[in-house]
Amino acid sequence: MKFDKAVPVQWLAEFTGATLVGNTQQEATGINEIHKVTAGDISFVDFEKYYNACLTSAATIIIINKQVDCPGGKTLLVHPDPFSAYVKLVKHFRPFEPATKMVSDSAIIGEDTHIQPGAFVGNHVRIGKNCLIHPNVTIYDHTVIGDNVIIHANTVLGADAFYFKRRKEREVQYDKMLSCGRVVIEDDVEIGAGCTIDKGVSGDTIIGKGSKLDNHIHIGHGAVIGKNALFAAQVGIGGKAIIEDEVILWGQVGVSKDLTIGKGAVIYAQSGVASSIEGGKIYFGSPVEDAKTKMKELNWIKRIPEMWEKLMKG
Amino acid sequence: MKFDKAVPVQWLAEFTGATLVGNTQQEATGINEIHKVTAGDISFVDFEKYYNACLTSAATIIIINKQVDCPGGKTLLVHPDPFSAYVKLVKHFRPFEPATKMVSDSAIIGEDTHIQPGAFVGNHVRIGKNCLIHPNVTIYDHTVIGDNVIIHANTVLGADAFYFKRRKEREVQYDKMLSCGRVVIEDDVEIGAGCTIDKGVSGDTIIGKGSKLDNHIHIGHGAVIGKNALFAAQVGIGGKAIIEDEVILWGQVGVSKDLTIGKGAVIYAQSGVASSIEGGKIYFGSPVEDAKTKMKELNWIKRIPEMWEKLMKG
Amino acid sequence: MKFDKAVPVQWLAEFTGATLVGNTQQEATGINEIHKVTAGDISFVDFEKYYNACLTSAATIIIINKQVDCPGGKTLLVHPDPFSAYVKLVKHFRPFEPATKMVSDSAIIGEDTHIQPGAFVGNHVRIGKNCLIHPNVTIYDHTVIGDNVIIHANTVLGADAFYFKRRKEREVQYDKMLSCGRVVIEDDVEIGAGCTIDKGVSGDTIIGKGSKLDNHIHIGHGAVIGKNALFAAQVGIGGKAIIEDEVILWGQVGVSKDLTIGKGAVIYAQSGVASSIEGGKIYFGSPVEDAKTKMKELNWIKRIPEMWEKLMKG
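Chains as they are written, first to last, in the working numbering: chain V, 1 to 314; chain W, 1001 to 1314; chain L, 2001 to 2314.
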């Protein structure tokens, strides 16, 4: 997310209780995860093996749990628990705003857009023109929806990222990362009934122009779906997955987080995608393989008893 | 769907911009997909390989993209884009009617039926007697529900068919087929929480008498589920599948579209049904096989290392 | 469930039309399934092979369909159809109470807890302090929620158990078991959007302290989830499963009913757990195996063609 106005690093240090190292006159313009940072952003790192990636990223202000050499022009906020300091900042800049009615007064809704009864439209939501939001849909704060979009009943846009830091020494082990990203639905998208599309942790979860999603689909935090995608019912996509344009996923396909599916890939029903795969091909299986290869394997399995017999006969 | 009153083909030709061929004095009584047509129906065809099936079907009026010989007594509506002409007709005869309250004044609700708060009941919905509709359920327009039916919270009945025509040459590739079918829930059915049952494209999606569905189940457009079916949670059924009476599907089973599962079949959890299967048997796997055969296969796989060893010694 | 006050067995016999055998002065203090019974409870049995288990259980009053020897101090309620007699009692002691508003007057809601618009809170629900209930959530009657709990939009807590008795001779074959159990959500739990957690048939479905559930998760009736569990999206858990503390389930995992997953087990995506498994290990596959063993199997399958070639060369 980007701040409404720049924030001096000295205020950040004081607010979080961190020690300032490096450029103490800097101003922060936003807050982001490491894979989304741009100049002016605050990011955080708490594992030594990721120090270098974070210090050499585009992030200008880095919350870190050890005093290390500060790269030129950057600012370190040294804090014993960078995760908590980061969460404190998110909570401050993107506080929860309780709703008092089904459609927030701060929502901006385009002409010829129809919001059916029972649909909830949160604060600061923007919906374009000629959209149809069916009953009992829930649209969390800050969601952005383009033109000619249809959202079927009981779908949820913008619930929190499923992202926790585990602290095994505590009784309650999982510490919640607060999300300050958004869900962005581009023009001409249709989303089925009973789907859930989570907001990004700091960036946006995006459903690209013209994509069509069937019912019961889950899209994890920060996933980016390209244009003209077609997903059948009960598909699940993990956080920060990148699905390029024109990908077709058949029913109940599962896709892990942090990977890329190339343009135009087709994946048969119930398959599981555990790592990045090339576009323009057809896949099947859990984990997925080239569909023809997988089909051949299934046939080979059927020939094992025949092989056994041959082997016994010698 | 059937029209409230018959529609002259000359009006249809003018409204859609089609050229009339054959019987020009005909009247249309309804509109249907090819697998559902009856005499008096309008249907459409836009692929040459399906011409014959459509021309020889029960459809009386056929929207077609080429001037061919018209079978005796029938009427052709020759149009460069039959899909669009068909969609224009559906939109005209089954227009979207915005709702203004949670329970429509045009809904007919039987005695001793209880609609819990937050449930949406659309226009022209009919619900029988002694039913219980739990909170935040969404029932789209024209849905029909019998007697003694329980619909658990946040379930959606009658969302649009997931049916698109792809036009690769366009920026927005998928053209939406408008649905004019319905969802019909017969007597004594219970549907769990968070399910979605889509309406048929032109015919009805039917849940047969006495069937029981657990939570998170997806039933695609036009599927016909028999009587006394039992589906466990997270099952997904594709469009126009026919599931005969007394079929039992365990959790997370996926069923493709356009196939038949025979009476009394039992399918174990997480299986995938890709083509029609006989009734009275037990199945397992993705794709499914006879359950015992599949179990044996799984055991044979475990013996591959033993075979390898024999082979190496051999 | 436990009754508000003790109920004489003579009233029970009269109300259900059963014949009293054994101690006729007994009082019942509750009603429970066989795996949950404690002293004072009514339970039922209608299959001869379960007679002994029920008669020797902690249940004090047993509804049974045959006059057998009554264990000392206990009471038998002999009835031709124990299931129906049991259901009649549940209906009497836990009747359906229609709701008239989104948040029941009989619900007790702690301080600093925020109920967003469109959320339904049923009768006799208790919610602790500092909770956040998002829009269009449905919380059925008698649900209990601790402190610091977050329930995301459109999730359903406390829908009925999916539990039926089949009577093949009838036209409508499945007879519904009424549920009188509850859903209990302990402190510091977060539940994602579009989940469904069913109430227990007679006992409680429990989500243990500090557990975090992603979206579209189904938890069956009477399942008991330990502390600090982490379940990814679209997981399904069958009825009465016991998931011990700190279990991690990845996306789309399915777990059968009536089994135990040991503490700290990790199960990879799309796996299926069909029977009890030990804790502290990593699993994969449908049905699950040790993850490394399963991976090796997948590799062996790829070597079948090589084996075939060797075999042919002889």
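Think of the CB as a built atom: it goes at the ideal place given N, C-alpha and C, for glycine as much as any other residue.
Model, not experiment: these values are computed from the prediction.
State buried or exposed for residue i, treating a residue as buried only when at least 16 other CB atoms are found within 10 Å of its CB.
i	result
G1299(W)	Contrary to the premise, residue 1299(W) reads as Asn rather than Gly in this sequence. Exposed, by the Cβ-count rule.
M2177(L)	buried
S43(V)	buried
G30(V)	buried
T60(V)	buried
D2187(L)	buried
G72(V)	exposed
F2096(L)	exposed
I1108(W)	exposed
S1276(W)	exposed
F335(V)	Not covered by the structure: residue 335(V). The range shown for chain V is 1 to 314.
F231(V)	buried
F1047(W)	exposed
If we define contact as Cβ-Cβ less than 8 Å, is residue i a contact residue for chain W?
i	result
Y2086(L)	no
I2133(L)	no
W1952(L)	Because chain L is modelled from 2001 through 2314, residue 1952(L) falls outside the range shown and cannot be assessed.
F2297(L)	Correcting the residue identity first, residue 2297(L) is Glu in this sequence and not Phe. Answer yes: the Cβ-Cβ gap between E2297(L) and chain W drops below 8 Å somewhere.
F2015(L)	no
A269(V)	yes
A53(V)	no
K2294(L)	no
N154(V)	yes
P71(V)	no
Assuming residue i and residue j make a contact with CB atoms under 8 Å, what is their CB distance in whole Å?
i	j	result
V2144(L)	R2094(L)	Between R2094(L) and V2144(L) the Cβ distance is about 15 Å, and since that is not below 8 Å, they are no contact.
Q1116(W)	A2013(L)	35 Å between Cβ atoms; not a contact.
L2311(L)	L311(V)	7 Å
A2018(L)	V2078(L)	6 Å
K129(V)	T113(V)	6 Å
So with Cβ pairs under 8 Å, would you call residue i a contact of chain V?
i	result
E1097(W)	no
Q1173(W)	yes
Q2010(L)	no
L1311(W)	yes
H2114(L)	yes
P2305(L)	yes
G2022(L)	no
A2241(L)	no
I1191(W)	no
M1102(W)	yes
N2136(L)	yes
N2228(L)	yes
G2194(L)	yes
Name the DSSP beta bridge partners of residue i, please?
i	result
Y1283(W)	I1267(W) and D1290(W)
T2260(L)	I2242(L)
F2231(L)	L2213(L) and L2249(L)
T2100(L)	Looking at the DSSP assignment, T2100(L) forms no beta bridge with any residue, so it has no partner.
E2027(L)	P2008(L)
L1076(W)	V1021(W) and I1062(W)
H1218(W)	T1196(W) and G1236(W)
I207(V)	I185(V) and I225(V)
K2091(L)	K2091(L) pairs with nothing; no bridge assigned.
Hey, is residue i's beta-carbon within less than 8 Å of any beta-carbon in chain L?
i	result
A1214(W)	The question names Ala, yet the displayed sequence has Asp at residue 1214(W). It does; some Cβ of chain L falls within 8 Å.
G254(V)	yes
K1209(W)	yes
I127(V)	no
P1287(W)	no
G181(V)	no
A1233(W)	yes
K165(V)	no
I1301(W)	yes
3-residue-minimum beta strand (DSSP E) runs that sit fully inside the segment 2158-2202 of chain L, ordered along the chain: 2164-2166, 2174-2176, 2182-2185 and 2196-2198
Sequence ranges, beta strand (DSSP E) only - wholly within the segment 1103-1160 of chain W, length at least 3: 1156-1159
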